[in-house]
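Read the structure below first, then the notes.
There are 2 protein chains.
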Amino acid sequence: MAIKNGEDITLDKLIQPGLLLFVYIKPSHGYELIQNYNKLQSTEEVEPGTIYRNLRRMEKNRLLTSSWQISESGPARRLYEITEKGINVLDETAAKIEKQKLQVEQFLSLYREQKEQGGSADEK
Amino acid sequence: MAIKNGEDITLDKLIQPGLLLFVYIKPSHGYELIQNYNKLQSTEEVEPGTIYRNLRRMEKNRLLTSSWQISESGPARRLYEITEKGINVLDETAAKIEKQKLQVEQFLSLYREQKEQGGSADEK
DNA sequence: AACTCTATAGGCATATTGCACATAAGGGAG
DNA sequence: CTCCCTTATGTGCAATATGCCTATAGAGTT
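Residue numbers (numbering that gives the first Met the number 0), protein chains in the order written: chain A, 0 to 123; chain B, 0 to 123.
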């Protein structure tokens, strides 16, 4: 979460973990990852610029490597592949996400609990 | 996720949703919320400064209201209560978090699927 | 020549955090 | 009384990440 307005509460979009996983499944380039990401994930769309910057960042951090591929049609594309380090980080991140899932479930169960109990007596 | 190092992938800590829910359950002040938050949630600890700033921000956005309470022992504390708007935002946020849970589950299932299939032939 | 699609990327303003530090009340030890 | 610890709230600064907009460029179509 970053800019926008500060008014509404935004949630994590798992950009880096998602990209890392996609590239792990199949080496790919930015434009394709944008398509995949925005079709698969059930959240708001992510800016192309954000995707590209995250890919460059992950390459800088040696989670990915890239090489230019000349395609028969259209401009050259940067093909990303995951590194050993990237796989390790992916594994660690998956573990963190499991914890986050617990956290999310904890939030939702607390929320529902409160809605059920407080809802009847405190009907406004 | 914000500062730190840029090296490792950080996940959302649900600070605002968590605080909003806690205050919804019981009006409370910052110091107490820090204790609750850092004890209940299964993630890394959150800076006191971050908690206080989020509370002030949510008050500015009219999700919370605060009033000074003088306690018998120790300095005055700012007691936060949730507003109507805050409850609405909490409800909306809970809906978003349900979606995020799906997203998280989607990530984990894709991840495990890939680990099982790729794992046997590619044992490091 | 103009337009569209593919493909990558940077500038700028804004938002948020981590770390450190400041402030302040009250209580206990010496 | 002074020093220190706990409670309690907050700010300044640098760093980081994103949204929105714009630039660049190859290749094919009209």
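The beta-carbon is built from N, C-alpha and C at its ideal position, and this holds for glycine as well.
If we ignore side chains and look at the alpha-carbon of each, how far apart do residue i and residue j end up?
i: Arg52 of chain A; j: Gln116 of chain A; result: 46 Å
i: Gln102 of chain B; j: Val103 of chain A; result: 11 Å
i: Val141 of chain B; j: Leu13 of chain A; result: Here chain B covers residues 0 to 123 and nothing more, so residue 141 of chain B does not appear.
i: Gly48 of chain B; j: Tyr23 of chain B; result: 21 Å
i: Gln129 of chain B; j: Asn35 of chain A; result: Coverage of chain B is limited to positions 0 through 123, which leaves residue 129 of chain B absent and any answer about it impossible.
i: Thr18 of chain B; j: Glu91 of chain B; result: With the sequence shown as reference, residue 18 of chain B is identified as Leu, and Thr is not the correct amino acid for it. In a straight line, the C-alpha of Leu18 of chain B is about 15 Å away from that of Glu91 of chain B.
i: Ala93 of chain B; j: Gln68 of chain A; result: 43 Å
i: Gly112 of chain B; j: Lys59 of chain A; result: The sequence as given places Glu at residue 112 of chain B; Gly does not occur at that position. The straight-line gap from Cα to Cα measures roughly 28 Å.
i: Ala75 of chain A; j: Ile33 of chain A; result: 16 Å
i: Thr42 of chain A; j: Ile50 of chain A; result: 15 Å
i: Ile81 of chain A; j: Glu71 of chain A; result: 24 Å
i: Lys114 of chain B; j: Ile86 of chain B; result: 41 Å
i: Glu31 of chain B; j: Leu39 of chain B; result: 12 Å
Less than 8 Å between the C-beta atoms of residue i and residue j, yes or no?
i: Tyr79 of chain B; j: Pro16 of chain B; result: no
i: Leu10 of chain A; j: Asp7 of chain B; result: no
i: Lys84 of chain A; j: Leu62 of chain A; result: yes
i: Ser65 of chain A; j: Arg77 of chain A; result: yes
i: Gly73 of chain A; j: Leu54 of chain A; result: no
With a threshold of 8 Å between beta carbons, is residue i in contact with chain B?
i: Leu109 of chain A; result: yes
i: Thr64 of chain A; result: no
i: Gln113 of chain A; result: yes
i: Leu78 of chain A; result: no
i: Ile2 of chain A; result: The predicted model places Ile2 of chain A with a pLDDT of 46, which falls under 50 and marks its position as unreliable; any figure quoted below should be read in that light. For Ile2 of chain A, the answer is no, since every Cβ of chain B falls outside 8 Å of its Cβ.
Assuming the contact rule is C-beta atoms closer than 8 Å, residue i and residue j should be a hit. Round their C-beta distance to whole Å, please.
i: Leu107 of chain B; j: Leu109 of chain A; result: About 22 Å; that fails the 8 Å criterion.
i: Asn37 of chain B; j: Glu44 of chain B; result: 5 Å
i: Lys100 of chain B; j: Lys100 of chain A; result: 7 Å
Are any of the Cβ atoms in chain A nearer than 8 Å to that of residue i?
i: Gly48 of chain B; result: no
i: Val45 of chain B; result: no
i: Glu6 of chain B; result: yes
i: Gln15 of chain B; result: yes
i: Asn60 of chain B; result: yes
i: Leu54 of chain B; result: no
i: Leu18 of chain B; result: no
i: Thr42 of chain B; result: yes
Going along the chain, which residues of the stretch 20-34 of chain B sit with their C-beta nearer than 7 Å to a C-beta in chain A? Leu20, Tyr23 and Ile24
Contact list for the stretch 87-101 of chain B against chain A, Cβ threshold 9 Å | Val88, Leu89, Asp90, Glu91, Thr92, Ala93, Lys95, Ile96, Glu97, Lys98, Gln99, Lys100 and Leu101
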